[in-house]
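A short worksheet on the structure shown next.
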Amino acid sequence: MVGLAYAKVNLHLSVGPPRGDGFHSIVSIFQKIDLHDTIEIEIEEASEFSIEVEGLSFPDSTIEKAARLFCNEVQIPLKVWAKCTKRIPVKGGVGGGSSDGATTLELLNSLTNHPFDTSQLMNLGAKVGSDVPFFLSGAGGAMVTGRGEFVQPISRTGSLKGLLILPEGEGVSTPQAYAQLDQVRERVPPLPQEKDLAELYKKSPSKWSFYNDFRLVKGRNESLYNDLDRVVKETGRCFGTLSGSGPSYAIFCDEKRVIGELEAKLRDYRGDITIIRIKSLHPDNSDGTVSV
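Quick note: the sequence shown uses our numbering, first residue 183, plus one each step.
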């Protein structure tokens, strides 16, 4: 069985101080986008759990973690074969690992005659990773709070066109980024009102005033982000933001033409970045457009 594991962009991300359990509370708007990995899974009944994962160059993947947790919960030992075709950048701040884990849970749930409903699967997903419940919720856009386990779908009319900008170099360690943010905690604004963010989401990207607290962490890509901020502002029609803890930077607009012009400008301007065209997805994983 095959499933698509879609990426997300944090249009807004506010991060609270460390909690007693070691996690941080967030207030964030997640937007699902069309960039995706492909997950293929086959299972056999077995005397004990085992898993083989193809396509990944690193151990301890969320695919393995999700499969092991699922089998423990249903108390069915399975021999699991999984293949991941990666397109989402690793440690890119766009939820690739979390989405892979979520899709693994969905596929295993289907292959075992749906022992869990969506709510139960989301609770299970929270044990795999903080962003996993969003990918199991079915939402296209959502207000995400707690450490990521509380997902409230939100909607807007129209489809967003965009670019995902990937700097050269290695990805960002999420735990390390949170630790660095805590070092400048006195500069981090308080968590905003969720209703205000939800209302702002309905407006055109040119009207958005969302922000990402991780921009307070000055890293090696700060000059690039400042350049991108400037270029986005000059269009007067787009919104740009760091996604997650980085290093990916996303740009959104209502107009495909503007995004095309911006892409051409950035390709001429910077040779140290990778640019990927993206679109927002609705709850049915469509981009809200009609082909004629």
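The beta carbon of each residue, even a glycine, is placed where N, CA and C say it ideally should be. Just so it is clear, the structure is predicted and the values come from calculations on it, not from any experiment.
- DSSP, read as helix, strand or coil, puts Pro-199 in strand.
- Leaving aside the five residues that flank Thr-220 on each side, the residues in its chain whose CB is nearer than 7 Å to its CB run, in chain order, Val-184, Leu-186 and Thr-267.
- With respect to the C-alpha of Asp-409, the residue from Leu-444, Ala-248 and Leu-193 having the closest C-alpha is Leu-444.
- Among the bridge pairs identified by DSSP, Ala-187 is matched with Asp-219.
- The C-alpha of Gly-307 is placed about 30 Å away from the C-alpha of Ile-457.
- Per DSSP, the continuous beta strand (DSSP E) segment holding Thr-267 begins and ends at 260 to 267.
- Within the region 414 to 446, the complete beta strand (DSSP E) runs of at least 3 residues fall at 421 to 424 and 431 to 435.
- In the structure shown, Ala-324 adopts extended strand secondary structure according to DSSP, grouped into three states.
- Cβ-Cβ distances below 6 Å link Val-366 to Leu-398 in the same chain, with the five nearest sequence neighbours on each side left out; the list follows chain order.
- Cβ neighbours of Lys-384 within its own chain (closer than 7 Å, five residues either side excluded): Arg-338.
- Sixteen is the threshold: when 16 or more other Cβ atoms of the shown chains lie within 10 Å of the Cβ of Ser-281, as they do, the residue is buried.
- Excluding sequence positions up to five before and after Thr-244, its CB lies within less than 7 Å of the CB of Gly-279, Ser-280, Asp-282, Gly-283, Val-310 and Gly-311, all in the same chain and listed in chain order.
- Cα atoms of Leu-379 and Leu-193: separation of roughly 10 Å, rounded to the nearest angstrom.
- Within the region 352 to 399, complete beta strand (DSSP E) segments of at least 3 residues are not found at all.
- Phe-317 carries a helical assignment under DSSP once its states are collapsed to helix, strand and coil.
- Residue range 332 to 336 is occupied by the beta strand (DSSP E) that includes Phe-332, with no alpha helix (DSSP H) assigned at that position.
- If you draw a straight line from the Cα of Pro-371 to the Cα of Gly-198, it is about 9 Å long.
- One thing to note: Gly-323 has its Cβ no nearer than 8 Å to the Cβ of Ser-430.
- Secondary structure note for Ile-347: its beta strand (DSSP E) is the uninterrupted segment 343 to 349.
- For Arg-402, there is no enclosing alpha helix (DSSP H), as DSSP marks it with neither H nor E.
- Rounded to the nearest angstrom, the gap between the Cα atoms of Ala-359 and Pro-335 is 27 Å.
- When C-alpha distances from Gly-426 are compared across Gly-330, Lys-247, Glu-227 and Val-262, the shortest belongs to Gly-330.
- In the structure shown, the three-state DSSP call for Lys-247 is helix.
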